[in-house]
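Trainee: This is the structure I have questions about; it appears just below.
The following block contains the structure:
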């Protein structure tokens, strides 16, 4: 059986010595997608004119972690602690998401990916969580697979049903988070300080976002493999429905 093509977004990094720009993403993402039965294919942010061609190949999409989103995308002024932004990546990925949503292509967003989904649906972001009083630690210094806090899940959510549990213990590597939830989305997981850490799309198409990094921890903690498993299940369901 042919593996379905899962597109993975990438970051751009200049390599002055070789006079080139590299497209990069962590191999952990590809390994998790492959383990779930998908064919991971990295895509470069090459411009809006190529988005439809990428989508023609895609059975599913995984929006990976990376730079902060430009606050201009959600009508805000930059916070002094705003990190690096990549306007070209933002424009490309927003178009890629909206195109996938229109076609019903299953989508998973991780860290930056959940934030991108929210902004694409008209939501806003907290630009620097440490500036808010009462927030818990969201930027850990431990290794990537170390688990730091608990995310409480909505009982009816895909994650809760797949896990068979009301919560999941996760790692955390973010200083930004969802502020106002976007349209066509529902919050399905929060930490005890109220930060949204999981979202799902409203409607028939599969959209899932998680704020933590399951690609770093799924080998040690099987429950962290669930987002990738759900993505591939949604992809196969869509393929079967299309051929029925």
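In the working numbering, the protein residues as written are 15 to 258.
We treat Cβ as the ideally placed atom computed from N, Cα and C, and that holds for glycine.
Within 8 Å, do at least three Cβ pairs link the region 119 to 129 to the region 241 to 252?
Mentor: A contact exists between the region 241 to 252 and the region 119 to 129.
Trainee: So, at 6 Å on beta carbons, what are the nonlocal neighbours of residue 248 in its own chain, with the 5 sequence-adjacent residues on each side left out?
Mentor: Taking the first residue of the chain shown as 1, we reach residue 248 at position 234. Only 120, 220 meet the Cβ criterion.
Trainee: Leaving out five residues on either side along the sequence, give the residues of the same chain with a beta carbon under 6 Å from the beta carbon of residue 116.
Mentor: As a working mapping, residue 116 is identified with position 102 in the chain shown. Around residue 116: no qualifying Cβ.
Trainee: Report the rounded CA-to-CA distance for residue 77 versus residue 141, giving the unit in angstroms.
Mentor: Locating residue 77 in the chain shown gives position 63, counting from the first residue. Locating residue 141 in the chain shown gives position 127, counting from the first residue. Looking at the two C-alpha atoms, the distance is approximately 19 Å.
Trainee: Can you tell me which of the three DSSP states residue 44 falls into?
Mentor: Position 30 of the chain shown holds residue 44. Note: residue 44 maps to helix in three-state DSSP.
Trainee: Hey, which unbroken runs of the beta strand (DSSP E) at 3 residues or more fall wholly within the region 182 to 247?
Mentor: Counting whole runs of 3 or more residues, the region 182 to 247 contains the beta strand (DSSP E) stretches 199 to 204, 210 to 215, 221 to 224.
Trainee: Since residue 204 and residue 166 should fall inside the 8 Å C-beta cutoff, what is the C-beta to C-beta distance between them, to a whole number of angstroms?
Mentor: Taking the chain shown and counting its residues from 1, one reaches residue 204 at position 190. Taking the chain shown and counting its residues from 1, one reaches residue 166 at position 152. Sure, about 6 Å apart at Cβ, within 8 Å.
Trainee: CB residue 213 to CB residue 139, shorter than 8 Å?
Mentor: In the chain shown, the residue the question calls residue 213 occupies position 199. In the chain shown, the residue the question calls residue 139 occupies position 125. No. Outside cutoff.
Trainee: Is it buried or exposed for residue 132, if we count other Cβ within 10 angstroms and need 16 for buried?
Mentor: Working through the chain shown from its first residue, we reach residue 132 at position 118. When all chains shown are included, residue 132 counts as buried.
Trainee: Short check: CB of residue 152 to CB of residue 93, under 8 Å?
Mentor: Your numbering for residue 152 matches position 138 in the chain shown. Your numbering for residue 93 matches position 79 in the chain shown. Cβ atoms of residue 152 and residue 93: not closer than 8 Å.
Trainee: Rounded to a whole number of angstroms, what is the C-alpha to C-alpha distance between residue 49 and residue 252?
Mentor: One-based indexing of the chain shown puts residue 49 at position 35. One-based indexing of the chain shown puts residue 252 at position 238. Looking at the two C-alpha atoms, the distance is approximately 19 Å.
Trainee: Residue 55: which of 29, 68, 64 sits nearest, CA to CA?
Mentor: If you number the chain shown from 1, residue 55 lands on position 41. When each option's Cα is compared against that of residue 55, the closest is 68.
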